[in-house]
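Step one of this worksheet: look at the structure below.
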Amino acid sequence: MRVSTQAPGEVVRFRFDGVGYTGRVGDTVASALLANGVRLMGRSFKYHRPRGVLSAGSEEPNALVTVGRGAQAEPNVRATVQEIYEGLEVRSQSAWPSLRFDAMAVNDLAAPFLGAGFYYKTFMWPKAFWEKLYEPVIRRAAGLGALSGKHNPDTYDSAFAFCDLLVIGAGPSGLMAARVAAEAGLDVILCDEDFEMGGRLLAEVEDVGGIPAQDWVAEQSAAMAAMPNVRLMSRTTVTGAYDGGVYGALERVTHHLPRSAAPLECFWRITAKRILLCAGALERPIAFENNDRPGIMTAGAVRAYVNRWGVAPAKTVAVFGNNDDAHRTARDLHAAGVTIAALIDARADADVGDVPYPVHLGAQVIGSKGRLGLSGIKVRTANGKVEQIATECLAVSGGWNPTVHLTCHMNGRPQWREDIAAFVPTPDAVPGLEAVGACNGTFSTAGCLAEGAQAAARVVVALGGTAAQVAVPQAEDAPYNISPLWAVEGKGRAWLDFQNDVSVKDIKQAAVENFRSVEHMKRYTTQGMATDQGKNSNVGALAVLADATGRGIPETGVTTFRPPYSPIAIAALGAGSQGKGFAPQRLTTSHAGSLARNAPMIEAGLWYRPSYFPREGETTWRQSCDREVGCVRNSVGICDVSTLGKIDIQGPDAGKLLDLVYTGMFSTLKEGRVRYGLMLREDGTVMDDGTCARMGPAHYVMTTTTAAAGDVMRHLEFVTQALHPEWDVAFTSVTEQWAQFAVAGPQSRALLNDLLDAPVDNDSWPFMACGEISVLGVAGRLFRISFSGEHAYEIAVPARYGAALFEVLVKRAEAMQGGAYGMEALNVLRIEKGHITHSEIHGRVTAFDVGMARMISPKKDCIGKVLAGREGLVDPLRERLVGLRPVGAVKQLSAGAHIFDAGAAHVHANDQGYVTSVCFSPDLGVMIGLGFVKGGPDRMGERMVVRDHVRDLTVEVELCSPVFIDPEGGRVRG
Amino acid sequence: MRIPCPLCGERDRREFYYRGAAVVRPAVDAGPAAWDGYVHLRDNPVGRTRDLWHHEAGCGAWLVVTRDTVTHEVFGAELAAAAGLREGTS
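Protein sequence lines correspond, in order, to chains A and B.
Sequential numbering from 2 applies to the first sequence in this note's numbering.
Sequential numbering from 48 applies to the second sequence in this note's numbering.
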């Protein structure tokens, strides 16, 4: 209910579980529901116990809701973080058929059997039941909100930011620190996860510098918003500390607005020279029997709802605490007109002062009642008497835990401070980061302001500036005074981790079963393993474990804090890397032309290439492929080969570079000639192959395979920079600058001569010639090279002419009974000729293995030469390249199949080799293949067995030369 | 992680390609042990290490980066061209 006397803000309508409610601008779902008297907001994970909101911040374990519908539904949104807006639709989770009547609550009745380790001990056998029965049933019964299973249409963004000082948290410490640093001229980023700056000051009734705290916050925010050197980032949670001063931060950009095209979230990587962590502290509950009923909340949260949102969770509130801070909740609620049923302080000597409501010192709350919401509590007074007190809300404070998380993200461990019964950060655990204020164990506002100012001044000086004198305003400076109380003695179930339903008993059971290490206890009980990561409950749980194992809290230690501080959608982390952002499309200049000819496109790395060009009447790819192979073998075919890497190399030492990276000699290559080249890795295996053309005295054009273009470029950079910086040579990738087409087949020269401004003949352009040409008036390059084994050329023009040239070439070819050919035909043509691709040179193969040992020039050094000569790499019994031809009628060959001696069992021990490439050869009328066989070239004619265990194929083959067509090479020179 | 490229300034490590330890390429006739060491044998230092990074999404420079394997601190980077990575040039 609203208790605020302030003028109500603008009314906002939203729906929760289909029911319409109203709230005010600035409300969260939690505050608006509480204002409407809704306490039941969810069901627990395991026992489906009714749960209400516990906190007023991002640490919320209970009030998880699903926002939106359909593909845009967002599960596990904390009601305490989600701002309401007109038309917002929110649903509860983990309950069926409804939140008020949840059938799975029968789990709660079975609780005596479902304690820690129940699943481990029970669902062990039979093993087959795990996947089919146990897991699906358990998963359905447990679990949080469900994903829609549909493609997420929301957009996410990512961004980088840089600053001198990153201030994490905009409470009193953070605002003060940011202001001091900003006044000194530092470039400051101030992040806060709330939608308003101010942190805890928004939730308190106190003065700062003689004015209400909220006014001071507004003043500071306005002043800094006007400074060009300050960036205020609200709704931004700093989620992780990483190496080199890099911080991850999640900005919730439009969660507070109706869905639009704008990004929902933005994941920031902020690089800062210095960091001040001003993250505050999180309140922890006290465990007692049935301490999880809706209406039982942390004292600071209840105070926040009243002071910030003008909302009281109930008309009557009781307060239970072990520290002086809890007294403020009773004070503020009373002042707001809420009836205080009782203030119960576990400390007998607590100083409450003269207050107009019942006070029980040295007393403890030992139980609660109320089915779907709290109706009363049981209190054991100092003299041992048990009293029933009627109340619909209990505000509990077991003390405050400094938010040390980020200080532990780089292996740091926090230190125990006895006087505040809490862990505080270890100084310098993260380079460049200092914890300030409540997250450093300083809880008073005055202390926070002073620490913030001092820390900022230190940063200013460390970065070479001069800290301006900034007066620290007067503020609240009350003592904290705490006497630890983690769990009230009692028999019933007292809850620690509300989200994972872990009770004090479960922790004790873990200790009994010897899961004494805090990390083991965590995994055995699932304490702290839910989406809230135990922010309210971990310290309490380890205190109970410490007690159960007879150790102190510091010796028991904490579990490891890891990023992210609060949950991040994978979509936000992957922003920009979905779909085409993950795999950009590279399109050739003939792409539209290929599509116009109905070619199915296949991916080749990031490139898209035509698979084949179907013609009318062709119903299978094989028909098209066989025809296209026929075109090349009998007339002329056109294929876009622009995707091959092209590297333009120039300079007086270009020849030296090529001699070092290729096995062969290129410095002696004549101008106007092309040579095939093989590149090795330094360990002697083949890295890539291609051709290299000498265009001028100090000018070469290298081609690489499509797949290895990037690797080769990087390799050339390495060789010229790291190994031979003294060489005068420069190179650049021109892959995208030139469109290049293979014109292959007996009619290729006839076709070209119709287009070239100066015709070519066999004398001017013999096999492996190259040079500048003019084609239809466009300056280009012509290479007489052949991957198909036919008389062939590759013609290159600047990319802007590519589409036009492709059309002309294809039309001319079609008029000559030829046409365009795609990747399938290209593959058949090269297999028939025994030309290798990365199917063969797959990273474990040497020049010797592919029959090219003699290409390693004895006259010079080259990369990989020394180790390629190792005994084991030139062993004749190595698996070496051969051709494979099935024996008998047409048989199916398959790549990846293994090769065995005839009669041998098809087991690994008898393995003789494997098949790398297969195709149907239209020329030979059979399937043929390439493969590697032990001692292969010395076993020509031998009959072996190809066995494919995956496809269940067994084929008898004969080993043959890998060159199936025109072994003398007459056609290519024709 | 940030790498101070001598040509571009400090950049996010995502701009770089990692190769491995900055070892010196032996002479052709250095013998099998030297070549085995160059290609296969690597120290696994606790602490300071020097390795090769390529500023592939930046200026294209190959760098030798000195960093700490324990603290992840990056001490600095120099151009590989100046690092003497070929036998006889260091």
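From the three backbone atoms N, C-alpha and C, an ideal C-beta is built for every residue, glycine too.
Could you have a look at residue i and say whether DSSP puts it in helix, strand or coil?
{"i": "T330(A)", "result": "helix"}
{"i": "Q586(A)", "result": "coil"}
{"i": "S749(A)", "result": "helix"}
{"i": "T955(A)", "result": "strand"}
{"i": "N91(B)", "result": "coil"}
{"i": "K1014(A)", "result": "An answer regarding residue 1014(A) cannot be provided, because it is not within the stretch 2 to 975 covered by chain A."}
{"i": "T96(B)", "result": "strand"}
{"i": "C409(A)", "result": "helix"}
{"i": "D109(A)", "result": "helix"}
{"i": "L486(A)", "result": "coil"}
{"i": "R44(A)", "result": "strand"}
{"i": "L670(A)", "result": "coil"}
{"i": "A288(A)", "result": "strand"}
{"i": "C440(A)", "result": "helix"}
{"i": "R634(A)", "result": "helix"}
{"i": "L543(A)", "result": "helix"}
{"i": "L607(A)", "result": "coil"}
Can you tell me whether residue i is buried or exposed? The criterion is at least 16 other CB atoms within 10 Å of its CB, across all chains shown.
{"i": "F17(A)", "result": "buried"}
{"i": "L110(A)", "result": "exposed"}
{"i": "Y22(A)", "result": "buried"}
{"i": "H836(A)", "result": "buried"}
{"i": "N308(A)", "result": "buried"}
{"i": "N515(A)", "result": "exposed"}
{"i": "H950(A)", "result": "exposed"}
{"i": "N412(A)", "result": "exposed"}
{"i": "I212(A)", "result": "exposed"}
{"i": "L626(A)", "result": "The displayed chain sequence assigns Cys, not Leu, to residue 626(A). Buried is the call here."}
{"i": "C55(B)", "result": "exposed"}
{"i": "Y65(B)", "result": "exposed"}
{"i": "D660(A)", "result": "buried"}
{"i": "L166(A)", "result": "buried"}
{"i": "Q470(A)", "result": "exposed"}
Tell me, to the nearest whole angstrom, how far the beta carbon of residue i is from that of residue j; I am working on the premise that it is less than 8 Å.
{"i": "V883(A)", "j": "L960(A)", "result": "5 Å"}
{"i": "G914(A)", "j": "E872(A)", "result": "About 20 Å separates the two Cβ atoms, so there is no contact after all."}
{"i": "S538(A)", "j": "D498(A)", "result": "4 Å"}
{"i": "E87(A)", "j": "V13(A)", "result": "6 Å"}
{"i": "P314(A)", "j": "L41(A)", "result": "Contact flag wrong, Cβ pair sits at about 12 Å."}
{"i": "L407(A)", "j": "A280(A)", "result": "7 Å"}
{"i": "C771(A)", "j": "N828(A)", "result": "No, C771(A) and N828(A) are not in contact; Cβ-Cβ is about 25 Å, not under 8 Å."}
{"i": "L277(A)", "j": "A456(A)", "result": "5 Å"}
{"i": "F742(A)", "j": "V642(A)", "result": "7 Å"}
{"i": "M2(A)", "j": "A36(A)", "result": "6 Å"}
Who are residue i's beta bridge partners in DSSP?
{"i": "Q389(A)", "result": "K379(A)"}
{"i": "H899(A)", "result": "Y915(A), R948(A)"}
{"i": "Y22(A)", "result": "F15(A)"}
{"i": "T532(A)", "result": "Looking at the DSSP assignment, T532(A) forms no beta bridge with any residue, so it has no partner."}
{"i": "Y822(A)", "result": "Answer is none; Y822(A) lacks a bridge partner."}
{"i": "A780(A)", "result": "S775(A)"}
{"i": "D325(A)", "result": "Paired residue(s): none; D325(A) is not in a bridge."}
{"i": "E75(A)", "result": "V68(A)"}
{"i": "P799(A)", "result": "W739(A)"}
To which residues of the same chain is residue i closer than 6 Å at the C-beta, ignoring the five residues directly before and after it?
{"i": "C409(A)", "result": "F562"}
{"i": "T704(A)", "result": "L645, K647, G691, T692"}
{"i": "V356(A)", "result": "none"}
{"i": "V231(A)", "result": "A183, V189, M225"}
{"i": "R44(A)", "result": "S95, A96, D103"}
{"i": "I554(A)", "result": "W417, A544, A547"}
{"i": "A106(A)", "result": "H49"}
CB-CB under 8 Å to residue i, same chain, minus the five flanking residues each way: which ones, in chain order?
{"i": "A104(B)", "result": "R61, E62, F63"}
Going by beta carbon distance, what residues of the same chain come within less than 7 Å of residue i, once the five residues before and after it are set aside?
{"i": "L148(A)", "result": "P76"}
{"i": "A804(A)", "result": "T590, S591, A593, G594"}
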